[in-house]
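Asks: Start counting the sequence shown at 0; every next residue gets the next number (numbering that gives the first Met the number 0).
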Amino acid sequence: MRRARKTALRMSGVAGVAILGMVLAGCSGGGGSSNPSQENLDGKGPITYVQGKDNSNVVRPLIAKWNKAHPDEKVTFKEQSDKADQQHDDLVQNFQAKNANYDVVDVDVVWTAEFAAKGWLQPLTGKMKIDTSKLFKPTIATGTYNNTLYAAPQTSDGGLLYYRTDLVKTPPTSWDDMMKDCDIAKQAGIGCYAGQFAQYEGLTVNTAEAINTAGGTIVGKDGKTPTVDSPEAKKGLQRLVDGFKDGNIPAEAITYQEEQGRQAFESGKLLFLRNWPYVYNLAKTDGSSVVKDKFGVAPLPGNGDGKPGASSLGGHNAAISVYSKHKQTAHDFIEFLQSAETQKFFLTQGSLAPVLASLYDDAALNKQFGYLSTLKKSIESAVPRPVTPFYPAVTKAIQDNAYAALKGDKTVDKALSDMSAAIKSAGSGS
């Protein structure tokens with residue numbers, strides 16, 4: 000949608016200014032400028048919930064359950080595509096159009112700052128406040144911008160290290176130890192390690208994990224000052240570059256997104272794989288998986304100081320549009336999404352990481368989902384990707400330059416310098 004163009008009114012003299020003032024007062028009815036975040040707080044009625052493709056059939060059963068209990072406040076599901084960038088652009092277009100029919104929207108954790116800074120999300124304060132006391136603490140930060148909660152944690156995610164238990168008895172706890180284990184992979188005639196290294200959002204995730212694990216950061220607390228041109232960040236990115244150079248990361252991994260890595264691991268072609276929890280059940284149950292009973296999960300490898308590596312914190316939150324007419328219903332619906340029964344359903348039906356802390360210590364769930372305790376450690380040590388209102392430009396800067404470094408088209412120093420310059424440009428609005 001095109002932004003409405005401001006029309007410049009040129010009027011000369013005091014009389015012209017006075018006439019303009021009278022016209023504006025008449026148009027506004029004396030009510031002054033409106034603040035949509037203060038409107039419709041008690042509104043109840045039908046709402047629309049907007050989310051990406053429901054591949055695991057989680058959303059529809061939940062909405063059916065809600066609608067049965069709330070016949071006068073029914074929820075309609077607006078299903079987006081399965082592409083994150085298309086989901087983002089769809090939300091932006093409808094926010095810009097002030098579409099009141101996008102009541103509750105599913106927000107990737109990295110979009111919170113951008114949408115909140117533009118005034119599109121309803122602050123979850125006052126009448127809209129939700130109880131966060133039972134939530135997993137790291138997830139609360141993903142919905143927070145400038146110390147205000149704008150999005151309710153709905154599902155979380157953390158990176159895990161999948162490894163072949165028939166070849167490695169004890170998973171590596173440091174990057175250096177994992178690289179030493181690559182000799183085992185060479186003897187077995189398979190690739191050693193892969194993550195997500197194609198030029199897309201997954202590369203931002205993997206680059207951020209490498210940099211954060213090494214003690215570096217990408218953007219300052221103000222969300223716009225680059226901090227990535229540092230010795231720590233260099234150490235992190237250099238590890239990935241060296242992995243490709245010496246073959247410990249197979250050359251074809253430069254094309255890997257999540258699914259290509261999963262398929263390579265399931266077919267027995269990798270010793271180690273960095274991926275999300277969804278891989279666990281598939282690797283156990285896929286008919287084509289040759290590693291069903293030969294793999295385990297561990298936290299991402301760290302620096303050798305006993306601490307796990309810093310996973311990028313994933314997940315999705317539910318936010319209320321400031322333009323919604325039925326905000327009370329929207330508020331009640333997001334509380335329903337955070338209820339214990341719904342959170343358990345997210346896990347059992349869709350292998351989605353819950354945001355309710357108590358579920359991670361549930362004995363029955365831990366027996367059913369063997370990765371749950373490891374995932375808890377991953378999320379506890381996770382670091383959000385850069386929290387910035389300029390995220391689309393920042394992630395592009397990371398992807399473009401990290402990819403060039405991995406391919407050998409830029410040195411690590413040059414890649415980080417260019418990355419820093421691009422982030423600074425994004426923050427300055429130029």
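Glycine included, every Cβ here is placed at the ideal spot set by N, Cα and C.
1) Taking 8 Å as the limit between beta carbons, can you name the residues of its chain near Val289, skipping five residues before and five after?
2) Runs of 4 residues minimum, wholly inside the region 331 to 362: which ones carry the alpha helix (DSSP H) assignment?
3) Excluding the 5 residues flanking Ile183 on each side, which residues of the same chain have their C-beta closer than 7 Å to its C-beta?
4) Per DSSP, which one or two residues make a beta bridge with Val382?
5) Straight-line CA distance for Ala96 to Lys133?
6) To the nearest whole angstrom, what separates the beta carbons of Leu299 and Leu405, a pair I think is in contact under 8 Å?
7) Distance, Cα to Cα, Glu78 vs Val49?
8) Within 10 Å of its beta-carbon, does Thr147 have 16 or more other beta-carbons around it, so buried, or fewer, so exposed?
9) In terms of residue numbering, what span does the alpha helix (DSSP H) encompassing Glu72 cover?
10) Sort Tyr162, His330 and Lys409 by Cα distance to Lys126 and report the nearest one.
11) Tell me whether the region 408 to 416 and the region 189 to 203 touch, counting them as touching only if at least three CB pairs, one residue from each stretch, are closer than 8 Å.
12) Report the CB separation of Val354 from Phe114 in whole angstroms; it is logged as a contact under 8 Å.
13) Pick out whichever of Ser80, Gln153, Asn39 and Tyr149 has its Cα sitting closest to the Cα of Thr340.
14) Specify whether the region 316 to 331 and the region 380 to 397 touch according to this definition: at least 3 beta carbon pairs, one from each stretch, less than 8 Å apart.
15) Just to confirm, are Leu312 and Val382 a CB contact at a threshold of 8 Å?
16) Tell whether a beta-carbon distance below 8 Å holds between Gly157 and Ser419.
17) How many angstroms separate the CA atom of Asn98 from the CA atom of Tyr277?
18) Consult DSSP for Val16 and reduce its assignment to one of helix, strand or coil.
19) Apart from the five residues on each side of it in sequence, which residues of its chain come closer than 7 Å, Cβ to Cβ, to Pro170?
20) What residue range is occupied by the uninterrupted alpha helix (DSSP H) comprising Tyr199?
21) Leaving aside the five residues before and after Ala421 along the sequence, list all residues of the same chain whose C-beta is less than 6 Å from its C-beta, in chain order.
22) Tell me the DSSP secondary structure of Phe271 in three-state form.
23) To the nearest angstrom, how far is it from the Cα of His69 to the Cα of Leu374?
24) In terms of residue numbering, what span does the alpha helix (DSSP H) encompassing Gly242 cover?
25) Can you give me the start and stop residues for the beta strand (DSSP E) that Pro152 sits inside?
26) Helix, strand or coil, according to DSSP, for Gly42 in the structure here?
27) Is the beta carbon of Gly426 less than 8 Å from the beta carbon of Phe389?
28) Can you check which of these residues, Trp110, Pro122, Asp88 and Asn66, is closest to Glu38 by C-alpha distance?
29) Look up Pro388 in the DSSP assignment and say whether it is helix, strand or coil.
30) Assuming Ser350 and Asn280 are in contact, meaning their beta carbons sit under 8 Å apart, how far apart are those beta carbons, in whole angstroms?
31) Less than 7 Å between C-beta atoms, sequence neighbours within five positions excluded: which residues of the same chain meet that for Gly308?
32) For the alpha helix (DSSP H) that Phe94 lies in, which residues bound it at each end?
33) Excluding five sequence neighbours on each side, which residues of the same chain lie with their C-beta closer than 8 Å to the C-beta of Thr47?
Replies: So, from the data block:
1) Within the sequence shown, numbered from 1, the residue matching residue 289 stands at position 290. Sequence-distant partners of Val289 (beyond 5 residues in either direction) whose C-beta falls short of 8 Å from its own C-beta, in its chain, are Glu265, Ser266 and Gly267.
2) List check, alpha helix (DSSP H) in window: 339 to 349.
3) Within the sequence shown, residue 183 is the residue found at index 184, counting from 1. Cβ within range, chain order: Leu166, Val167 and Leu270.
4) In the sequence shown, counting from the first residue as 1, residue 382 sits at position 383. Note: Val382 sits in a beta bridge opposite Ser311.
5) In the sequence shown, residue 96 corresponds to position 97, counting from 1. In the sequence shown, residue 133 corresponds to position 134, counting from 1. Near 36 Å, if we compare the C-alpha coordinates of Lys133 and Ala96.
6) In the sequence shown, residue 299 corresponds to position 300, counting from 1. In the sequence shown, residue 405 corresponds to position 406, counting from 1. So it is not a contact: roughly 18 Å between Cβ atoms.
7) Locating residue 78 in the sequence shown gives position 79, where the first residue counts as 1. Locating residue 49 in the sequence shown gives position 50, where the first residue counts as 1. Straight across, the Cα-Cα distance linking Glu78 with Val49 is about 6 Å.
8) The sequence position of residue 147 within the sequence shown is 148, counting from 1. Around the Cβ of Thr147, a 10 Å sphere holds fewer than 16 other Cβ atoms; the residue is exposed.
9) In the sequence shown, the residue the question calls residue 72 occupies position 73. Following the DSSP letters along the chain, one finds Glu72 in no alpha helix (DSSP H), marked with neither H nor E.
10) Along the sequence shown, read from residue 1 onward, the residue named residue 126 stands at position 127. The residue with the shortest Cα to Cα distance from Lys126 is His330.
11) Look at the beta carbons and you see the region 408 to 416 not touching the region 189 to 203: under three pairs across the two are nearer than 8 Å.
12) Along the sequence shown, one-based indexing puts residue 354 at 355. Along the sequence shown, one-based indexing puts residue 114 at 115. Between Phe114 and Val354 the Cβ distance is about 19 Å, and since that is not below 8 Å, they are no contact.
13) As a working mapping, residue 340 is identified with position 341 in the sequence shown. Looking at the sequence shown, residue 340 is not Thr but Glu. Checking every option, the nearest Cα to that of Glu340 belongs to Gln153.
14) Result no; under three Cβ-Cβ pairs closer than 8 Å.
15) For the purposes of this step, residue 312 is taken as the residue at position 313 of the sequence shown. For the purposes of this step, residue 382 is taken as the residue at position 383 of the sequence shown. Yes. Within cutoff.
16) In the sequence shown, residue 157 corresponds to position 158, counting from 1. In the sequence shown, residue 419 corresponds to position 420, counting from 1. Cβ atoms of Gly157 and Ser419: not closer than 8 Å.
17) Indexing the sequence shown from 1 puts residue 98 at position 99. Indexing the sequence shown from 1 puts residue 277 at position 278. Rounded to the nearest whole angstrom, the C-alpha separation of Asn98 and Tyr277 is 33 Å.
18) Your numbering for residue 16 matches position 17 in the sequence shown. In this predicted model, Val16 has a pLDDT of only 36, less than 50, meaning its place in the structure is not dependable enough to derive any value.
19) Locating residue 170 in the sequence shown gives position 171, where the first residue counts as 1. These residues qualify, in order along the chain: Leu160, Tyr162, Gly295 and Ala297.
20) For the purposes of this step, residue 199 is identified with residue 200 of the sequence shown, where counting begins at 1. Looking at the DSSP string, Tyr199 is not in any alpha helix (DSSP H), and its letter there is neither H nor E.
21) Taking the first residue of the sequence shown as 1, we reach residue 421 at position 422. Within the same chain, Ala421 has close Cβ partners Ala396.
22) Mapped onto the sequence shown, residue 271 falls at position 272. Secondary structure of Phe271 (DSSP, three-state): strand.
23) Translated into positions along the sequence shown, residue 69 becomes position 70. Translated into positions along the sequence shown, residue 374 becomes position 375. Our two residues, His69 and Leu374, have alpha carbons roughly 35 Å apart in a direct line.
24) Numbered from 1 along the sequence shown, position 243 holds the residue referred to as residue 242. Where Gly242 is concerned, the enclosing alpha helix (DSSP H) starts and stops at Pro230 to Lys244.
25) Reading the sequence shown from its first residue, position 153 is the one you call residue 152. First-last of the beta strand (DSSP E) with Pro152: Ala151 to Asp156.
26) Taking the sequence shown and counting its residues from 1, one reaches residue 42 at position 43. It is coil, neither helix nor strand.
27) Position 427 of the sequence shown holds residue 426. Position 390 of the sequence shown holds residue 389. Yes, Cβ-Cβ distance for Gly426 and Phe389 is below 8 Å.
28) The count along the sequence shown starts at 1 and reaches residue 38 at position 39. Distances from the alpha-carbon of Glu38 to those of Trp110, Pro122, Asp88 and Asn66 put Pro122 closest.
29) Translated into the one-based positions of the sequence shown, residue 388 becomes position 389. In this structure, Pro388 counts as coil in the three-state DSSP scheme.
30) Walking along the sequence shown from the start, residue 350 turns up at place 351. Walking along the sequence shown from the start, residue 280 turns up at place 281. Taking the Cβ atoms as the reference, Ser350 lies roughly 5 Å from Asn280, within the contact range of under 8 Å.
31) Along the sequence shown, read from residue 1 onward, the residue named residue 308 stands at position 309. Cβ neighbours of Gly308 beyond the five flanking positions: Glu208, Thr212, Pro298, Leu299, Pro300 and Gly301.
32) Residue mapping note: residue 94 aligns to position 95 of the sequence shown, counting from 1. Residue range Ala83 to Gln95 is occupied by the alpha helix (DSSP H) that includes Phe94.
33) Translated into positions along the sequence shown, residue 47 becomes position 48. Exclusion of the five residues before and after Thr47 leaves Val74, Thr75, Phe76, Lys77, Asn100, Tyr101, Asp102 and Val103 as the residues of its chain whose Cβ lies within less than 8 Å of its Cβ.
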